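The numbering of the sequence shown is our numbering, which starts it at 1203 and goes up by one. Here a beta-carbon is modelled for each residue, glycine too, at the ideal position from N, C-alpha and C. On a predicted model such as this, the values are computed, not experimentally measured, just so you know. These notes concern the structure reproduced below.
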Amino acid sequence: MSSKNNNLLYISESSKNANLLYSSKKPMIVFFTALSLIWIVPAGKLLISGQIASSIKLFMFGFFYIVVLFIAQRFFKRMLMVYQTNLDKSIKESNRKKLLKNRR
1203 MSSKNNNLLY ISESSKNANL LYSSKKPMIV FFTALSLIWI VPAGKLLISG
1253 QIASSIKLFM FGFFYIVVLF IAQRFFKRML MVYQTNLDKS IKESNRKKLL
1303 KNRR
(Lines of atoms letter the chains of each structure in order from A and count residues from 1; the text may use other names and numbers.)
(Lines give C-alpha, C1' and ligand atoms only; values in the text may rest on other atoms or scores of the structure.)
Protein backbone atom coordinates (compact mmCIF):
# COMPACT_ATOMS: atom_id res chain seq x y z
CA MET A 1 0.00 0.00 0.00
CA SER A 2 1.40 3.38 -0.92
CA SER A 3 1.96 6.28 1.42
CA LYS A 4 -0.92 8.19 -0.16
CA ASN A 5 -3.35 5.34 0.53
CA ASN A 6 -2.14 5.05 4.12
CA ASN A 7 -2.79 8.74 4.73
CA LEU A 8 -6.26 8.58 3.18
CA LEU A 9 -7.07 5.55 5.31
CA TYR A 10 -5.92 7.42 8.42
CA ILE A 11 -8.07 10.44 7.54
CA SER A 12 -11.17 8.32 7.06
CA GLU A 13 -10.53 6.47 10.34
CA SER A 14 -10.01 9.70 12.26
CA SER A 15 -13.25 11.11 10.83
CA LYS A 16 -15.11 8.00 11.95
CA ASN A 17 -13.61 8.30 15.43
CA ALA A 18 -14.62 11.96 15.62
CA ASN A 19 -18.20 11.06 14.80
CA LEU A 20 -18.26 8.54 17.65
CA LEU A 21 -17.78 11.37 20.14
CA TYR A 22 -21.19 12.87 19.56
CA SER A 23 -23.28 10.23 17.81
CA SER A 24 -25.33 8.97 20.77
CA LYS A 25 -26.39 10.66 23.97
CA LYS A 26 -27.91 7.54 25.55
CA PRO A 27 -24.74 6.43 27.42
CA MET A 28 -24.37 9.87 28.99
CA ILE A 29 -28.03 9.93 30.02
CA VAL A 30 -27.64 6.52 31.66
CA PHE A 31 -24.42 7.64 33.38
CA PHE A 32 -25.90 10.84 34.82
CA THR A 33 -29.09 9.03 35.86
CA ALA A 34 -27.10 6.37 37.72
CA LEU A 35 -24.92 9.05 39.27
CA SER A 36 -27.92 11.05 40.43
CA LEU A 37 -29.44 7.96 42.07
CA ILE A 38 -26.40 7.80 44.35
CA TRP A 39 -27.58 11.04 46.01
CA ILE A 40 -31.34 10.82 45.49
CA VAL A 41 -31.82 7.49 47.29
CA PRO A 42 -29.88 8.40 50.48
CA ALA A 43 -31.44 11.88 50.51
CA GLY A 44 -34.88 10.28 50.30
CA LYS A 45 -34.06 7.89 53.14
CA LEU A 46 -32.87 10.80 55.28
CA LEU A 47 -36.04 12.73 54.46
CA ILE A 48 -38.22 9.77 55.47
CA SER A 49 -36.31 9.30 58.73
CA GLY A 50 -36.95 12.94 59.64
CA GLN A 51 -33.49 14.40 59.02
CA ILE A 52 -34.70 17.09 56.66
CA ALA A 53 -31.67 19.41 56.93
CA SER A 54 -29.23 16.58 56.17
CA SER A 55 -31.42 15.43 53.31
CA ILE A 56 -31.46 18.88 51.73
CA LYS A 57 -27.69 19.28 52.15
CA LEU A 58 -27.02 15.89 50.55
CA PHE A 59 -29.40 16.59 47.70
CA MET A 60 -27.87 20.02 47.02
CA PHE A 61 -24.33 18.62 47.12
CA GLY A 62 -25.29 15.89 44.66
CA PHE A 63 -27.05 18.35 42.39
CA PHE A 64 -24.09 20.74 42.23
CA TYR A 65 -21.63 17.88 41.78
CA ILE A 66 -23.59 16.55 38.80
CA VAL A 67 -23.88 20.03 37.27
CA VAL A 68 -20.12 20.61 37.57
CA LEU A 69 -19.39 17.16 36.13
CA PHE A 70 -21.78 17.80 33.24
CA ILE A 71 -20.14 21.14 32.43
CA ALA A 72 -16.66 19.59 32.55
CA GLN A 73 -17.79 16.73 30.33
CA ARG A 74 -19.22 19.15 27.76
CA PHE A 75 -16.01 21.21 27.81
CA PHE A 76 -13.78 18.17 27.27
CA LYS A 77 -16.04 16.86 24.51
CA ARG A 78 -15.80 20.20 22.69
CA MET A 79 -12.06 20.27 23.24
CA LEU A 80 -11.72 16.80 21.70
CA MET A 81 -13.83 17.79 18.69
CA VAL A 82 -11.69 20.90 18.10
CA TYR A 83 -8.54 18.79 18.44
CA GLN A 84 -9.91 16.26 15.92
CA THR A 85 -10.82 19.03 13.47
CA ASN A 86 -7.36 20.57 13.74
CA LEU A 87 -5.74 17.16 13.34
CA ASP A 88 -7.75 16.48 10.18
CA LYS A 89 -6.80 19.91 8.77
CA SER A 90 -3.14 19.26 9.56
CA ILE A 91 -3.21 15.86 7.86
CA LYS A 92 -4.91 17.29 4.77
CA GLU A 93 -2.35 20.11 4.60
CA SER A 94 0.48 17.61 4.98
CA ASN A 95 -0.96 15.43 2.22
CA ARG A 96 -1.36 18.45 -0.05
CA LYS A 97 2.26 19.47 0.51
CA LYS A 98 3.46 15.94 -0.23
CA LEU A 99 1.46 15.85 -3.45
CA LEU A 100 2.88 19.21 -4.55
CA LYS A 101 6.40 18.07 -3.67
CA ASN A 102 5.99 14.81 -5.61
CA ARG A 103 4.75 16.66 -8.71
CA ARG A 104 7.98 18.66 -8.96
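query                                                                              : result
Alpha helix (DSSP H) segment containing residue 1279, residue limits               : 1254 to 1305
Under 8 Å between C-beta atoms of residue 1271 and residue 1241                    : no
Beta-carbon spacing of residue 1268, residue 1233 below 8 Å                        : no
Reduced DSSP secondary structure (H/G/I, E/B, other) of residue 1227               : coil
Rounded separation between residue 1254 and residue 1245 - CA only                 : 9 Å
Separation of residue 1228 from residue 1251, as counted between CA atoms          : 34 Å
DSSP-derived helix/strand/coil call for residue 1251                               : coil
Anticipated Cβ contact below 8 Å, residue 1238 with residue 1249, distance rounded : Not confirmed; about 16 Å, so no contact.
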